[in-house]
Amino acid sequence: MDSTKIPLSHTLWSPHDTVKDAAESLGVNLPEEAAKNLAMDVEYRIHEILETAIKFMRHSKRKLLMTSDINYALKMLNIEPLYGYDISQPLNFKEALVGAGGQTLYYVDDHEIEFEKLINQELPKVPRQTSYTAHWLAIEGVQPMISQNPLPSEIKALPPIIRGATSSILGTDILNGVSEKDSKGSAGGSNAGSANGAANGSTGKKEKEVEVKPLVKHVLSKELQLYFDKVAEVLVSTDPEKESLKYAALTSLKNDPGLHQLVPYFIQFAAEQITNQLRNIEILSTMLEVISALVENKTIFLDPYVHALMPCILTLLLAKRIGPVIKETSSSSDEVIFETLQKQLAVREFAAILLQHIIKVYGSSYSTLMPRVTRTLLRALLDSTKPIGTHYGALLGLQNMGNEVIKLVLVGNLKMWSKSVIENEDKNEREREILLNTTLDTLRNLKVQATGEEKSGEDGMDIDSDSEIPDDIKEKLSDRLGDLLANFILEQKDAKEIVRGIFFGELNV
């Protein structure tokens, strides 16, 4: 066996003629030994790249080796990757004879492009810059008809499970069975008489026109759920050591952005606590603070939830009983009863302030909000069967509604209210004093100072700042408010300004 004979190999690179041919095409003359060593090294590198690429293929759970596996292998081996390798078009191999022996060589035909043709070719269009636009996907559950949103026909074409229709829950067979029964019933009714048949026909049309809205689930993240659970736990806690945590929770509700998804849950939580904890003054005060924090949070849009907030506030303002029930067992219990009553009245005062703020902020959005609340407060005020707390809350609510409501609504009903409530024998002296002082504070909002033009008039009812109120004006005041309220007002130092405000525009007082 000739020792100079180069051993054959199963790769394209050995015998080393391929290396020598590539070197000659570049104008390099390689000796036999150098071409042999270079061919062996290239063979080793190709084996290494293929083995690494096969590992990527197996980790990808595939049995087909792809060009991406080769690229990952080149990156892993710190070899410059192949650029411009396009696999979208098939490779065209051409055959050529090389050498005197006529050895066949296959090569990829490169498409030649003329330089003048490339210069004269039109430039491609400049791509548009990336931009972002916003649109309403849904407004309060109603999808607007805009180009960005899908058409109703496209939504109906989707499967019921994807679009969330109730038919996917009930089943189409049940709905079809109900419609068939209705159609049979209407057909039987038509045989009984023409009138019944017409009626059944109209109801059948109405049932066909009814559209079932899809059920939309409100999905909360785990972070928001955890936040709500922790805040709710702290707010209802009676542990004095958690007062700082309660203050931190209220501060968070007042200032933190990103709580809009939790607004309906906090309102429902406050409503449930107010309904179930009417005997716990601390819980009621905390719930009012929660509502106040939500209202003061500038990042929360509360307009859709005003209808849910009003029952909570009006309940604490007009409820019959707030706080624990204390039985009178001894003479020393009067002070305890008075302190409990003061705490109850403080809760009603807080509720009245919140009511005033909500009407001031959201009254322009809901035109019927102020008239409906005024009607509710007046109805509670004129009900003589209600306790002092309800009358006190109604007075505070009307007082915070503005001077127009006091003048037009309250003043005209004070005489009847005084006879049925204040002069009632069931009220003790302390309760009468509270109601009289509250009424006086309400009427003081109408005070009008005397001016130079009002000191003289044609009806003879004018008074100056130093004179006393004439008897005829006192009689008119008694006719307007009742004897008890009129005498109580006349005893005050600012009685002239109060009377002048009550009769403002009617008499020159």
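Under my numbering, think of the first position of the sequence shown as 1408, with each following residue one higher.
Note that the Cβ used here is the ideal one computed from N, Cα and C, for glycine as well.
Model, not experiment: these values are computed from the prediction.
How far does the beta strand (DSSP E) with A1503 in it reach, from first residue to last? Counting from 1 along the sequence shown, the entry for residue 1503 is found at position 96. Here the beta strand (DSSP E) through A1503 covers F1500 to V1505.
Option in N1831, V1780 and T1792 with minimal Cα separation from G1809: As a working note, residue 1809 is residue 402 in the sequence shown. Comparing Cα-Cα distances from G1809 to each of N1831, V1780 and T1792, the minimum goes to V1780.
Going by the CB atoms, is the gap between Q1763 and N1704 shorter than 8 Å? If you number the sequence shown from 1, residue 1704 lands on position 297. If you number the sequence shown from 1, residue 1763 lands on position 356. No.
The ligand COA heavy atoms versus the CB of K1814: any closer than 7 Å? For the ligand COA, the structure offers nothing, since it holds no ligand at all.
For the stretch 1675 to 1691 against the stretch 1646 to 1661, do three or more pairs of beta-carbon atoms, one drawn from each stretch, fall closer than 8 Å, so that the two count as touching? Because the criterion of three Cβ pairs below 8 Å is not met, the stretch 1675 to 1691 and the stretch 1646 to 1661 do not touch.
Return the CA-CA distance between E1508 and E1519, expressed in angstroms with no decimal places. The residue given as residue 1508 occupies position 101 in the sequence shown. The residue given as residue 1519 occupies position 112 in the sequence shown. Here the sequence assigns Gly to residue 1508, which means Glu is not the residue at that position. Their backbone Cα atoms lie some 30 Å apart in a straight line.
Helix, strand or coil: which one does DSSP assign to T1792? The sequence position of residue 1792 within the sequence shown is 385, counting from 1. Of the three classes helix, strand and coil, the one that applies to T1792 here is coil, per DSSP.
Applying the criterion that 16 or more other CB atoms from any shown protein chain within 10 Å of the CB defines a buried residue, is H1466 buried or exposed? Residue 1466 sits at position 59 when you count from the first residue of the sequence shown. Its Cβ having fewer than 16 others within 10 Å, H1466 is exposed.
Using the beta-carbon count (16 or more within 10 Å), is A1442 buried or exposed? Taking the sequence shown and counting its residues from 1, the one referred to as residue 1442 is at position 35. Buried: at least 16 other Cβ atoms inside 10 Å.
Around the C-beta of W1824, are 16 or more other C-beta atoms found within 10 angstroms, so that it is buried, or is it exposed? Position 417 of the sequence shown holds residue 1824. Answer is buried; the Cβ neighbour count reaches 16.
Report the option in Q1751, I1720, Q1550 and P1711 whose CA atom is closest to the CA atom of G1730. In the sequence shown, residue 1730 corresponds to position 323, counting from 1. The residue with the shortest Cα to Cα distance from G1730 is Q1751.
Go to L1891, then tell me how far its alpha helix (DSSP H) extends in each direction, as first and last residue. By one-based count along the sequence shown, residue 1891 stands at place 484. Unbroken alpha helix (DSSP H) run through L1891: D1890 to L1897.
For V1641, the residue or residues it bridges with in DSSP: Within the sequence shown, the letter at position 234 stands for residue 1641. Answer is none; V1641 lacks a bridge partner.
How long is the line joining the alpha carbons of V1549 and A1564, rounded to whole angstroms? Counting from one through the sequence shown, the residue named residue 1549 turns up at place 142. Counting from one through the sequence shown, the residue named residue 1564 turns up at place 157. Roughly 19 Å between the two C-alpha positions.
Specify whether the stretch 1797 to 1805 and the stretch 1834 to 1849 touch according to this definition: at least 3 beta carbon pairs, one from each stretch, less than 8 Å apart. Judged by Cβ distances under 8 Å, the stretch 1797 to 1805 makes contact with the stretch 1834 to 1849, as three or more pairs qualify.
Decide if D1710 is buried, meaning its Cβ has at least 16 other Cβ atoms within 10 Å, or exposed. In the sequence shown, residue 1710 corresponds to position 303, counting from 1. That one is exposed.
Buried or exposed (CB count within 10 angstroms, at least 16 for buried), E1440: Counting from 1 along the sequence shown, the entry for residue 1440 is found at position 33. Classification of E1440: exposed, given that the 10 Å Cβ count is below 16.
In angstroms with no decimal places, state the Cα-to-Cα distance between M1473 and L1457. Taking the first residue of the sequence shown as position 1, residue 1473 is located at position 66. Taking the first residue of the sequence shown as position 1, residue 1457 is located at position 50. Looking at the two C-alpha atoms, the distance is approximately 11 Å.
Please state whether the Cβ-Cβ distance between F1673 and V1643 is less than 8 Å. Mapped onto the sequence shown, residue 1673 falls at position 266. Mapped onto the sequence shown, residue 1643 falls at position 236. Not closer than 8 Å, so no.
Any idea if S1476 is buried or exposed, counting beta-carbon neighbours within 10 angstroms, 16 or more meaning buried? Position 69 of the sequence shown, counted from the start, is the residue given in the question as residue 1476. Note that residue 1476 is Asp in the sequence shown, not Ser. It counts as buried.
Looking at the unbroken beta strand (DSSP E) that takes in Y1514, where does it start and where does it end? Residue mapping note: residue 1514 aligns to position 107 of the sequence shown, counting from 1. Start and end: Q1510 to V1515.
Going along the chain, which residues of its own chain have a beta-carbon closer than 6 Å to the beta-carbon of A1503, five neighbours each way excluded? In the sequence shown, counting from the first residue as 1, residue 1503 sits at position 96. Within the same chain, A1503 has close Cβ partners L1512.
Which residue spans inside the stretch 1689 to 1741 form an unbroken alpha helix (DSSP H) run of at least 4? 1713 to 1725
Which of helix, strand or coil does DSSP assign to I1546? Residue mapping note: residue 1546 aligns to position 139 of the sequence shown, counting from 1. Note: I1546 maps to strand in three-state DSSP.
Tell me the start and end of each unbroken alpha helix (DSSP H) in the stretch 1741 to 1820 that is at least 4 residues and wholly inside, in chain order. 1776 to 1788 and 1795 to 1806
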